[in-house]
Amino acid sequence: MFEFTEEQRMIRETVRKLGVEKLGPRASEVDKSGEFPWDIVKILGENGILQLPLPEKYGGIGADTTTSCMVSEELARFCTTSSNLLCIQASNIKVISLGGNESQRDRFFQRLGKENQITAFALTEPGAGSDVGAMKTRAVRCGDFYILNGTKCFISGGAVADILPLFAMTDPAKGLKGGVSAFVLEKGAPGFKIGKTEEKMGSRGVPASELVLEDAQIPIENLLGKEGEGLKIALGAINLTRLTVGSHGLGIAQGALDYAIEYAKQRVQFGKPIAAFQGIQFKIADMAMQLEAARSLLYRVAFMSDQGVPDIEGFSSMAKCLASEISVNVCLDAVKILGGYGYMKDYPQERRMRDAMSCLFMEGTGEIQRQNIARFLLKKS
Ligand SMILES: Cc1cc2nc3c(=O)[nH]c(=O)nc-3n(C[C@H](O)[C@H](O)[C@H](O)COP(=O)(O)OP(=O)(O)OC[C@H]3O[C@@H](n4cnc5c(N)ncnc54)[C@H](O)[C@@H]3O)c2cc1C
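Below is the structure:
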């Protein structure tokens, strides 16, 4: 049976304390203002959370997938923004670890380790969401630079990030089979500007923005791997990215369940706390069962990933899909347990429900995950 190690449990305790004392109390304000909370970045940086996935020599602990999931889950119980930032950071550190050479890792990881810089992952385009192969952003080598033209959209943290792994077509004729390359776009690159920032339903602390590339210049030293290896690099990180989004969803839902239980013990109707009614008890039991089931699957797959078990993409899709859908179901029930108060912005449940919904889309929708799962099973049989 899977269990966290002593070290992981200690990390979780530290994160929980930070969540209760510093991050949780900011969550509602961040949601209301929709402004990017630099103070949260500072807290996460000072406490080494954003650096956790970095190798030790850059100030991290080389957190594996299991640890990254555990921390993102714990953060999300209190503050979706904090968890979201860690998920993004872990994905991009993985992308640079897999695709980058030593000098690139050194260059970017030093900045992430020492300067609290943050990252964003730029894949989606207006015409290429689920269908990554429809990507139009084009990169053409021109001397010591690649010149990029195109638009990315919905990029979490894109408007505030310093280091942005970005995917573009270097050979459209090859498409997904060797035509996509991975780059690191840096804030301030000539020809790169931030376009529209979306007004989002939830997860409002991390802006989702358009990145506009008009003859943008990326030096050739920022090509990750070789030309054409972009998809391979992205897929190399996919188990981690799906699982951290899943654990993010679980944490949001756990926070909602914790709150609903406390509320049910306090709220009196018909002369009794509503927790005394079987209707409410069954709801709480169902929420907990669903969460435990999704959590068991998710950490099992994270553990498989850390053990280097091959071909687990079908499992990571299952874990991400189940965790994100259960997160939404549990948050909806958590709203219901508060009755009309659950619908009001003075209480945190409606925010959690909106936040949970973002997990349905990040790292691919439920339909796309189901497609992956079916493809995996059909291939196997
Ligand atoms: C909050 C948020 C944050 C995000 N952050 C990032 C980010 O940081 N970086 C990034 O690159 N992207 C990001 N995205 C984009 C996200 O990855 C895409 O939204 C997602 O992959 C779906 O693409 P789409 O929105 O274009 O939907 P579409 O692909 O247009 O899908 C529309 C609908 O059609 C369904 N569908 C599509 N194809 C099929 C099919 N073959 N079979 C059955 N159904 C299908 C989908 O499941 C969906 O229901 C983010 C999105 C959100 C909402």
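Residue numbers (our numbering): 112 to 492. Heads up, the beta-carbon is just placed ideally off N, CA and C, and yes, glycines get one too. Only a predicted model underlies this, so the values are computations on that prediction, with no experimental measurement involved.
Work out the CA separation of A413 and T352 for me, nearest whole Å.
-> 11 Å
In angstroms with no decimal places, state the Cα-to-Cα distance between R127 and R188.
-> 9 Å
What residue does the beta strand (DSSP E) around Q215 start on, and which one ends it?
-> Per DSSP, Q215 belongs to no beta strand (DSSP E); it is in the alpha helix (DSSP H), 213 to 225.
Would you report the Cα separation of T178 and K383, rounded to the nearest angstrom?
-> 41 Å
Pairwise C-alpha distance: I385 and V446 = 14 Å
Just curious, the beta strand (DSSP E) that Y257 is in, first and last residue?
-> 256 to 267
Along the beta strand (DSSP E) that carries T308, what are the first and last residues, could you check?
-> 303 to 308
What did DSSP end up calling R249 once you bin it into helix, strand or coil?
-> strand
Residue closest to Y257, alpha-carbon to alpha-carbon, out of E297, V243, M473 | E297
To which residues does DSSP link A323 through a beta bridge?
-> Contrary to the premise, residue 323 reads as Val rather than Ala in this sequence. DSSP, once it has assigned bridges, lists T262, K304 as partnering V323.
Taking the DSSP output, what are the residues bridged to M70?
-> Lying before the first or after the last residue shown, residue 70 is absent from the chain, which here runs from 112 to 492.
Going by DSSP, which residues form a beta bridge with L384?
-> According to the sequence provided, residue 384 is Pro. The question's Leu does not apply to it. V379, per the DSSP bridge assignment.
Which stretch, first to last residue, makes up the alpha helix (DSSP H) that contains N203?
-> 191 to 210
Considering only C-alpha positions, which residue in the set I274, K225, D150 is nearest to V206?
-> I274
By the 10 Å Cβ neighbour count, where 16 or more other Cβ atoms means buried, how is F381 classified, buried or exposed?
-> exposed
How about D316 and F147: are their beta carbons less than 8 Å apart?
-> Reading off the sequence shown, one finds Gly at residue 316, where the question assumed Asp. It is a contact, given that the beta carbons lie within the stated cut-off.
Is Q482 near ligand 1, in the sense that its beta carbon is under 7 Å from a heavy atom of that ligand?
-> yes
What do you reckon, are the CB atoms on C432 and Q480 nearer than 8 Å?
-> yes
Alpha-carbon spacing of I154 relative to T191, whole angstroms = 14 Å
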